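Before any comments, here is the structure.
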Amino acid sequence: MNSEIQKQLTLFSEWVRNQPQFPEIPEKLLHRFLHSCYYDLDNAKSALELFVSIRNETPELFTNRDPLSPSIQETMKIVKMAVYETTDKKHIWIWQVNDPGFDRFETLHDSRLFLLTADTWFLTDRLADDDIVIVDVKDFNYKFITKYNSILGKTISKYQGGAMPMRLKQIHVINTPLIVDKIYSLFKPLLKSDVKEKIHFHTPNSNTLFDYVHKDDLPKDMGGIRDSLNIYTKKMKEMMLTKRDVLARDDLWRKNTAKPEVDNAKSFRNLGID
Numbered sequence: 001m002n003s004e005i006q007k008q009l010t011l012f013s014e015w016v017r018n019q020p021q022f023p024e025i026p027e028k029l030l031h032r033f034l035h036s037c038y039y040d041l042d043n044a045k046s047a048l049e050l051f052v053s054i055r056n057e058t059p060e061l062f063t064n065r066d067p068l069s070p071s072i073q074e075t076m077k078i079v080k081m082a083v084y085e086t087t088d089k090k091h092i093w094i095w096q097v098n099d100p101g102f103d104r105f106e107t108l109h110d111s112r113l114f115l116l117t118a119d120t121w122f123l124t125d126r127l128a129d130d131d132i133v134i135v136d137v138k139d140f141n142y143k144f145i146t147k148y149n150s151i152l153g154k155t156i157s158k159y160q161g162g163a164m165p166m167r168l169k170q171i172h173v174i175n176t177p178l179i180v181d182k183i184y185s186l187f188k189p190l191l192k193s194d195v196k197e198k199i200h201f202h203t204p205n206s207n208t209l210f211d212y213v214h215k216d217d218l219p220k221d222m223g224g225i226r227d228s229l230n231i232y233t234k235k236m237k238e239m240m241l242t243k244r245d246v247l248a249r250d251d252l253w254r255k256n257t258a259k260p261e262v263d264n265a266k267s268f269r270n271l272g273i274d
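Numbering (the UniProt record's numbering), first residue to last: 1 to 274.
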């Protein structure tokens, strides 16, 4: 870390300490916010303010998130997930819902697990030049519309678009169903214009994703050469378990005095890791 970045980090830390509405924010996370905002201190402050505000005001998304809790484990049964670093310092985020009848999917539970996955990654030291998100919607159908919560959708869109400390470069929605226009119409009014410009849709059996993401950077079950999505999902579950004592705290980066007890003796098998 060079002297200029260290200077900005010191100023950022001092500013945070003078914000009574803020919880304790570790320096490592502050550095992530600075990095995600290309070391523009004012922008980093704005992003962190939104980050803390949403986490404080939306406990249904940021509490009761013990990775071994029944609700989280049940959601994990229908989700494959990945976050990993490429050789050229990109971070690939993949989210795939596997629920053909779309009967088990619940928007709140899916959102809570996604944010738990993001927090798991934010606890690491890995910083990316670009973040690329890939969402596989192969099983989405009209039931998604009936289960959609507009208030929750607005909150998630605001959080992902302006509060998460990442350099969002592209969002790819793959295996889009025929009703993708109707589904996207629910989200489009909630998205900032710069986020809309980053979204790309890819129909089933198309190769258009490779125009943006090299095969070397994709799992083999998405046409790439990397480990399968099953393996990446297992790795993410393992990472969650190693950080379980932190992730299970209801006051993680939010104002809350409740701290649930965590039994770290439970095995990886309880988390659904074979």
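For every residue, glycine included, the Cβ atom is placed at its ideal position computed from N, Cα and C.
In this text the structure is predicted, and so the values were computed from the model without any measurement.
Under DSSP, R226 shares a beta bridge with P219. For M166, the three-state secondary structure derived from DSSP is coil. Apart from sequence neighbours up to five positions away, the residues of its chain that approach V16 with a beta-carbon distance below 6 Å are F22, I25, ordered along the chain. Rounded to whole angstroms, the separation of the alpha carbons of D250 and T75 is 19 Å. It is roughly 6 Å from the alpha-carbon of G162 to the alpha-carbon of A47. A Cβ-Cβ separation of about 5 Å places N149 in contact with T107 under the 8 Å criterion. Non-local beta-carbon contacts of F201 in its own chain, meaning distances under 7 Å to residues more than five positions away in sequence, involve V173, T176, V180 in chain order. One Cα belongs to K196, the other to K169, and the distance between them is close to 11 Å.
Look at Q6 here: in three-state DSSP terms it is helix. In the structure shown, the three-state DSSP call for H35 is helix. As DSSP reads the structure, I132 sits in a beta bridge with I92, Q170.
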